Amino acid sequence: MRVLVAGGAGYIGSVVTAALLSDGHEVTVLDDLSTGHADAVPEGAALAEVSLHDSAPVLADVRPEAVLHFAARSLVGVSQQQPEDYWSTNVGGSLALLESMRAVDCRRIVFSSTAATYGEPDALPIREDAPTRPTNTYGASKLAVDHMLTSYAVAHGFAAVSLRYFNVAGAAFGLGERHATETHLIPLALQVAAGQRGSLTVFGRDYPTPDGTCIRDYVHVADLADAHLLALPAPSAGEHRVYNLGNGTGFSVQEVLDAAREVTGHAIPTTDGPRRAGDPAQLVASSDRIRAELGWTPRHPDLVGIVSDAWTVAQAR
Ligand code: UFG
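Number 164 in the numbering used here belongs to position 81 of the sequence shown; there are no gaps in the numbering.
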């Protein structure tokens, strides 16, 4: 299939681009490189250095049969201080992309949504029919695009899938996380192990969990890539499907730190800090729907394996 990957120079977008290429698809990456890296775009994919807002000429030129849309601002904390950037890029940019698609009669899309659309859960594991009550602008902006896709499916015959990622981690095809501002636990722990930073702060040890630290559902980026390949052909015209993507197993912050020590063989000094605003105690996905409907099964559910793959790529850099 001829596909356009918006945000294909970022962490998850570049891994999925590599997976699409190895599956025989023809890929053009559209990325303004505001947070992505040109050298992360896999060989074999074309790169159009353009923002979502200016995507129309690129789509008119490429004439894709489908779009995979990863391009977004994704820092929860920043979204509270600079909401305008999140509404403009994530919502305005997505609207511009959908209109660019409609102009060339491309109506198939897989969208990167997030667990942050649910907010604080009433019940675990979180299913797709759980209430969506985002607690930050990032989650709200992604939820707005989910709603946009539902209406484009109904009104304009789009075939759409929203994949709601939980905590994506690990590395694949030699591509890993590389953010200018790193806020995620696993890459931060590996930076400490590599001596690039002195220590990290554990945000709260007083949660109602077995060891007092927050529990999250870490899903390997290679498993996430599998899910995109399965989702791409799945919906019919007029259909918008929503799937959660997680391992279904939660790991605590302490368990992640223990895994990072085991994998790297380095001490990872920590200090105990207060809770981070907006962090729910536990976020664990039910991925039953995508397992049942698309036959997706995580091939790398083991935490040590996930951290180990991230470490291998971080060290190669
Ligand atoms: N944590 C620390 N210290 C750090 C960094 C993180 O203790 O220096 C803790 C956090 O408090 C949290 C856990 O490690 O309990 C994981 O934090 P991350 O920042 O790695 O990931 P989040 O769970 O906050 O965020 C992820 C995605 C977001 C998404 C969110 C959904 O990265 O994009 O899940 O709630 F919005």
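Think of the CB as a built atom: it goes at the ideal place given N, C-alpha and C, for glycine as much as any other residue.
As the structure is a prediction and not an experimental result, all values here were calculated from the model.
I192: member of the beta strand (DSSP E) spanning R191 to T197, first to last residue. Its Cα nearest to that of T118, the residue S97 stands out among S138, A102, H108 and S97. In this structure, the beta-carbon distance from V302 to F256 does not fall below 8 Å.
Here the alpha carbon of T233 sits roughly 15 Å from the alpha carbon of L180. Here the distance from the Cβ of Y94 to the nearest heavy atom of the ligand UFG is not below 7 Å. Secondary structure in the stretch 122 to 148: the beta strand (DSSP E) runs of 3 residues or longer, each lying completely within the stretch, are 129 to 131 in chain order. DSSP lists R299 as the beta-bridge partner residues of F334.
Taking a cut-off of 8 Å on C-beta distances, the stretch 219 to 226 touches the stretch 156 to 169, as three or more cross pairs fall below it. In the structure shown, the three-state DSSP call for L226 is helix.
Residue burial annotation: V387 is exposed, with fewer than 16 other C-beta atoms found within 10 angstroms of its C-beta. As the crow flies, the alpha-carbon of L315 is around 43 Å from that of T354.
Under the three-state reduction of DSSP, S177 is assigned to helix.
Looking at P357, R358 and A343, the one whose alpha-carbon comes closest to that of I351 is A343. Excluding residues up to 5 positions away in sequence, S97, T100, A101, L104 and F256 lie with their Cβ nearer than 7 Å to the Cβ of P125 in the same chain. With a cutoff of 8 Å on beta-carbon distance, D294 and R382 are scored as not near each other. Close CB contacts of S183 within its chain, under the 6 Å cut and outside five residues either way in sequence, are with S138, A139 and L142 (chain order).
Between A131 and G90, the gap from beta carbon to beta carbon reaches 8 Å or more. In this structure, I373 keeps its C-beta atom at 8 Å or more from the C-beta atom of V251. For T395, the secondary structure class from DSSP, reduced to helix, strand or coil, is helix. Shortest gap from the CB of H262 to any heavy atom of the ligand UFG: 7 Å or more. The stretch 193 to 207 makes no contact with the stretch 255 to 274; the number of CB pairs closer than 8 Å stays below 3.
If the five residues before and after A213 are omitted, its C-beta is found closer than 8 Å to the C-beta atoms of Y201, P204, D205 and A206, all from its own chain and listed in chain order.
For V325, same chain residues with a beta-carbon under 6 Å away, outside a window of 5 residues either side, are E211 and S245 in chain order. With a cutoff of 7 Å, H152 does not count as near the ligand UFG, since its C-beta is closer than that to no heavy atom of the ligand.
Listed in chain order, the non-local C-beta contacts of E265 below 8 Å within the same chain comprise L271 and Q274, local neighbours out to five positions each way being set aside.
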